[in-house]
Amino acid sequence: MKTPGAADFGPPLTAWERRRLHGIERGLRTSPARVPLVLCLGLDAVALGLLAAGIFLALPWLFAAFVAGNLAVCVHHSRADFRESAHRQ
17 MKTPGAADFG
27 PPLTAWERRR
37 LHGIERGLRT
47 SPARVPLVLC
57 LGLDAVALGL
67 LAAGIFLALP
77 WLFAAFVAGN
87 LAVCVHHSRA
97 DFRESAHRQ
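In our numbering, the protein residues as written are 17 to 105.
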């Protein structure tokens, strides 16, 4: 069973359109700026410091630690994605 609309790819692309789309794709693959390791480790240290402050001082610091920890995880994942995409090229 064919899905209407999804199975119709339209006419084939011209050479100019293929080159243009390839250039856009290449720009998207290399566009994530490489985050320096020092920034990652610094963000980890801030998250751990806020975690300690949240445990020993006040609960709002604990919330800030969770936010900083989530941000640190995102930065580490973006570094890993960048390294992985560099190896694939």
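Yeah, the Cβ is synthetic: ideal placement off N, Cα and C, and Gly gets one too.
**Message:** Using the three-state DSSP reduction, which class does ALA61 fall into: helix, strand or coil?
**Reply:** Annotated three-state conformation of ALA61 is helix, per DSSP.
**Request:** Verify whether the separation of the beta carbon atoms of ALA144 and LEU64 is less than 7 Å.
**Result:** Any answer about residue 144 is impossible in this case: the structure gives the chain only from 17 up to 105.
**Item:** Cα-Cα separation, ARG42 to ALA69
**Value:** Distance from the CA atom of ARG42 to the CA atom of ALA69, rounded to whole angstroms, is 44 Å.
**Asked** What is the DSSP secondary structure of GLY39, reduced to helix, strand or coil?
**Response** It is helical.
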